[in-house]
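A.B. asks: Handing you this structure, nothing more for now.
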Amino acid sequence: MPVIYATAKGMMEDKTQAFELGGDDYITKPFRVEELLLRINALLKRSSRDKEEETADKFEIGDYFFDYTSQQISYKGQQQKLSTKEAELLRLLCLKKNDVLTREEALLKIWHDDNYFTGRSMDVFLSKLRKYLREDPSVEIVNVHGKGYKLLVS
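Mapping the sequence shown onto the UniProt record's numbering, position 117 (from 1) lands on 117, and the numbers just tick up by one.
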């Protein structure tokens, strides 16, 4: 559950202590109720999205079914076992379906590194995923120039 400190204390030391104690946001009095409600809604959205990402492990991708836990893609009765990196990358793409997954986010979440050589390695895994998903024309992994990748499902 997110924590917002609403207080009259505006000193940097007070704010620092609040965040060190686990606070997610800090607002000083006087403030408008509308601003507080906006902050609450933003934190709740972020919190709920984070929980979905933590627990999501089964995905429908067009005619494919992807089970992250077993690291398998199924298509019309045929199953393809994925490597751990392939499964992690496909899961991130599924969580951002039809949205951009930045190259940096993928590299940091999966490899915990965003150097050139790691990026080249990720390109190989993307090629393999494209190959696995090629049977369904409504599914495509596209490059978004200068940003990252999109898993498009029409």
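In this text, a Cβ means the ideal position worked out from N, Cα and C, and glycines have one as well. From a predicted model like this one, the values you see are computed outputs, not experimental measurements.
1) Determine the contact status of L93 and L101, defining contact as a CB-CB distance below 7 Å.
2) Measure from the alpha carbon of R91 to the alpha carbon of each residue in L37, K147, V33 and Q71, then state which is nearest.
3) Using a Cβ-Cβ cutoff of less than 7 Å, which residues in the same chain neighbour D24 once the five nearest sequence positions on both sides are dropped?
4) Return helix, strand or coil for K81, following the three-state DSSP convention.
5) If you draw a straight line from the alpha carbon of G146 to that of K9, how long is it in whole angstroms?
6) Any beta carbon of chain C sitting closer than 7 Å to that of L90?
7) Looking at the secondary structure, which residues open and close the alpha helix (DSSP H) in which Q17 lies?
8) For A56, does the count of other Cβ atoms within 10 angstroms reach 16, so buried, or fall short, so exposed?
9) Cα separation between N115 and A106?
10) Of the residues D113, F59 and M122, which one's Cα is nearest the Cα of K85?
11) Among G62, Y68, Q17 and F117, which one has its Cα closest to the Cα of S138?
12) Checking the sheet assignment: what are the DSSP bridge partners for E140?
13) Spatial neighbours of Y149 within its chain, please: CB distance less than 8 Å, with the 5 preceding and 5 following residues excluded, ordered by chain position.
C.D. replies: Concretely, from the data shown:
1) In this structure, the beta-carbon distance from L93 to L101 falls below 7 Å.
2) It is Q71 whose Cα lies nearest to the Cα of R91.
3) Here the set comprises P2, V3, I4 and L43.
4) Strand, per DSSP.
5) In this structure, the straight-line span from the alpha carbon of G146 to that of K9 is close to 43 Å.
6) The structure shown contains no chain C; it holds only a single protein chain.
7) Where Q17 is concerned, the enclosing alpha helix (DSSP H) starts and stops at M12 to E20.
8) Residue environment for A56: exposed (fewer than 16 other C-beta atoms within 10 angstroms of its C-beta).
9) Straight-line Cα distance between these residues: approximately 12 Å.
10) When D113, F59 and M122 are compared, the shortest CA-CA separation from K85 is found for M122.
11) S138 has its Cα closest to that of G62, out of G62, Y68, Q17 and F117.
12) For E140, DSSP records a beta bridge to L152.
13) L93, V100, L101, R103, A106, L126, I141, V142 and N143.
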